[in-house]
Amino acid sequence: MSKARHVSETPATQMLKQNKVAYTEHTYDYVDHGGAGEAARQLGLDPHAVVKTLVMEDESAKPLIVVMHGDREVSTKNLARQAGLKKVEPCKPEVAQRHSGYQVGGTSPFGTRKKMPVWVEAEVLEYPVVYINGGRRGYLVGIDPQALVTVLGAKPVSVALE
1360 MSKARHVSET PATQMLKQNK VAYTEHTYDY VDHGGAGEAA RQLGLDPHAV VKTLVMEDES
1420 AKPLIVVMHG DREVSTKNLA RQAGLKKVEP CKPEVAQRHS GYQVGGTSPF GTRKKMPVWV
1480 EAEVLEYPVV YINGGRRGYL VGIDPQALVT VLGAKPVSVA LE
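In terms of our numbering, the sequence shown opens at residue 1360 and continues consecutively.
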């Protein structure tokens, strides 16, 4: 088990509690640009079960969230097609931060400042537990991925680049 450090509540954990979603807490030493792979390495987790939260925008600059395996990239072309949009591209970090209310590297799909549509790589939903950012750098929560659907209305898509 990782060194358990108490982490004060974040908007993400508050939302999980309000929706009665059970979660486990996992802290690690945040490394700039280390991403989900670094978190998985430090915590001894399957990098495929550590998922990242990406803030992107459509052709009208409307924000949306994509939840993807930490060791995969998103095909924005496939995402646009499956989401019925003309174009999808990653937001600039400062724009993503404004939409989510979270620091880049500490973005959770739960408890975002702005309510955004959420898309989730379909395979993520097949895992019994996934580890997702809890709203702070160096902090993951282990949850049943179905919570993404029940709490956020996440829609499954198949957009992982092989």
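Here a beta-carbon is modelled for each residue, glycine too, at the ideal position from N, C-alpha and C.
Taking the straight line between their C-alpha atoms, what separation do you get for residue i and residue j?
i            : j            : result
residue 1457 : residue 1513 : 21 angstroms
residue 1376 : residue 1448 : 32 angstroms
residue 1382 : residue 1445 : 36 angstroms
residue 1464 : residue 1496 : 6 angstroms
residue 1450 : residue 1501 : 26 angstroms
residue 1368 : residue 1384 : 11 angstroms
residue 1418 : residue 1439 : 9 angstroms
residue 1437 : residue 1494 : 27 angstroms
residue 1405 : residue 1477 : 23 angstroms
How would you write the range of the beta strand (DSSP E) that residue i sits in, first residue to last?
i            : result
residue 1428 : 1422 to 1428
residue 1485 : First-last for residue 1485: undefined, no H or E at that position.
residue 1385 : 1383 to 1386
residue 1412 : 1410 to 1417
residue 1501 : 1498 to 1502
Over what stretch of residues does the alpha helix (DSSP H) that includes residue i continue unbroken?
i            : result
residue 1510 : 1505 to 1511
residue 1515 : Taken as a continuous stretch (DSSP letters only), residue 1515 belongs to no alpha helix (DSSP H), being part of the beta strand (DSSP E) at 1514 to 1516.
residue 1397 : 1394 to 1402
residue 1462 : Where residue 1462 is concerned, there is no enclosing alpha helix (DSSP H), given that its DSSP letter is neither H nor E.
Around the Cβ of residue i, are there at least 16 other Cβ atoms within 10 angstroms (buried) or fewer (exposed)?
i            : result
residue 1459 : buried
residue 1420 : exposed
residue 1507 : buried
residue 1492 : buried
residue 1429 : buried
residue 1472 : exposed
residue 1504 : buried
Tell me whether residue i sits in a helix, a strand or coil according to DSSP, three-state version.
i            : result
residue 1475 : coil
residue 1431 : coil
residue 1444 : coil
residue 1457 : helix
residue 1406 : coil
residue 1372 : helix
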